[in-house]
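Colleague: In terms of the working numbering, the numbers along the sequence shown are unbroken and rise by one, the last being 277. Where a beta carbon is used, it is the ideal one built from N, C-alpha and C, also for glycine. All values reported here derive from a predicted model rather than from experimental measurement. Below you will find the structure I want to go over with you.
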Amino acid sequence: MAHKKYPRVVIIGAGFAGINAAKALAKKPVDVIIIDRTNHHLFQPLLYQVASAALSPGDIASPIRTIFRGKPNIYVEMDEVTAIDTKNQVVKLSEQDDIAFDYLIVAPGSRHSYFANPEWEQFAPGLKSLDDALKIREKVLLSFEQAEHLVGTDEATKYLTFVIVGGGPTGVEIAPMLFGEQEMPLPQS
Ligand SMILES: Cc1cc2nc3c(=O)[nH]c(=O)nc-3n(C[C@H](O)[C@H](O)[C@H](O)COP(=O)(O)OP(=O)(O)OC[C@H]3O[C@@H](n4cnc5c(N)ncnc54)[C@H](O)[C@@H]3O)c2cc1C
Numbered sequence: 089m090a091h092k093k094y095p096r097v098v099i100i101g102a103g104f105a106g107i108n109a110a111k112a113l114a115k116k117p118v119d120v121i122i123i124d125r126t127n128h129h130l131f132q133p134l135l136y137q138v139a140s141a142a143l144s145p146g147d148i149a150s151p152i153r154t155i156f157r158g159k160p161n162i163y164v165e166m167d168e169v170t171a172i173d174t175k176n177q178v179v180k181l182s183e184q185d186d187i188a189f190d191y192l193i194v195a196p197g198s199r200h201s202y203f204a205n206p207e208w209e210q211f212a213p214g215l216k217s218l219d220d221a222l223k224i225r226e227k228v229l230l231s232f233e234q235a236e237h238l239v240g241t242d243e244a245t246k247y248l249t250f251v252i253v254g255g256g257p258t259g260v261e262i263a264p265m266l267f268g269e270q271e272m273p274l275p276q277s
């Protein structure tokens, strides 16, 4: 941004929180800079469909710049925020110069937790990003390929057995996708 006419609001994170904060500030007398480590907003609730190959990554990721097209007071920066210096009112970035702010909105989301069992992560990646979804998808599809080579043998079962730890919404949604249901079956009364 070349000049500074209005107070500057910096938003860290272009998830649901950051995007909605920026939308609320569009066309208001403030300059908004929204910073995200990726250039897209991700619709996380459908990550399980990318993980199970029902959708492609592009179906659930929208470029942040496209979302704010026609909103001249919203600027988008792709970078990783590494620190916040509240005394000097700047955010520090991994690739670019510090960005000063008058107001700061911190909306970087959360990370998955293995509840003090970090060793589980290598076998069971979390499901928070497109990268995670694509890792799971690759593992699942390669297992099906292995099973295909072993049809009729006991060993095939090994490649067709998936364990989902966690019966919350994500676990319950992904389970039917693994055996070919395109939608979660409704409970039978
Ligand atoms: C698999 C899954 C299914 C879900 N299903 C549902 C559902 O059905 N219904 C529902 O209501 N909710 C659902 N949720 C939860 C919902 O997606 C989250 O509550 C919501 O995404 C949180 O929004 P947020 O803006 O706080 O964070 P996020 O959406 O996580 O966004 C944070 C953003 O900050 C960026 N960021 C983080 N750190 C930095 C940094 N240091 N520098 C730069 N950028 C950074 C990230 O790249 C990201 O874009 C689901 C979540 C998951 C993972």
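1) Please tell me whether K115 and N161 are closer than 8 Å, where the distance is taken between their beta carbons.
2) In its own chain, which residues sit with a C-beta less than 7 Å from the C-beta of P117, not counting the 5 before and 5 after it?
3) Could you have a look at Y136 and say whether DSSP puts it in helix, strand or coil?
4) Buried or exposed: where does Q137 fall if 16 or more other Cβ atoms within 10 Å of its Cβ makes it buried?
5) Does DSSP classify P225 as helix, strand or coil?
6) Below 7 Å, is the gap between the Cβ of V169 and the nearest heavy atom of ligand 1?
7) Does K180 come out as helix, strand or coil in the three-state DSSP assignment?
8) For I148, does the count of other Cβ atoms within 10 angstroms reach 16, so buried, or fall short, so exposed?
9) Within 10 angstroms of its Cβ, does F156 collect 16 or more other Cβ (buried), or is it exposed?
10) Bridge partners for R96 per DSSP, in chain order?
11) Could you pull the DSSP bridge partners for H128 from this structure?
12) Give the secondary structure of V253 by DSSP, where H, G and I count as helix, E and B as strand, and everything else as coil.
13) Cα separation between E233 and I262?
14) Which value, in whole angstroms, describes the spacing of the CA atoms of Y202 and Y163?
Modeller: Reading it off the structure:
1) yes
2) Y94
3) helix
4) buried
5) Residue identity check: residue 225 is Arg in the sequence provided, not Pro. In the displayed model, R225 falls within a helix according to three-state DSSP.
6) yes
7) strand
8) The residue in question, I148, is buried, as its Cβ has 16 or more Cβ neighbours within 10 Å.
9) buried
10) D119
11) P151
12) coil
13) 19 Å
14) When only Cα atoms are considered, Y202 and Y163 end up about 36 Å apart.
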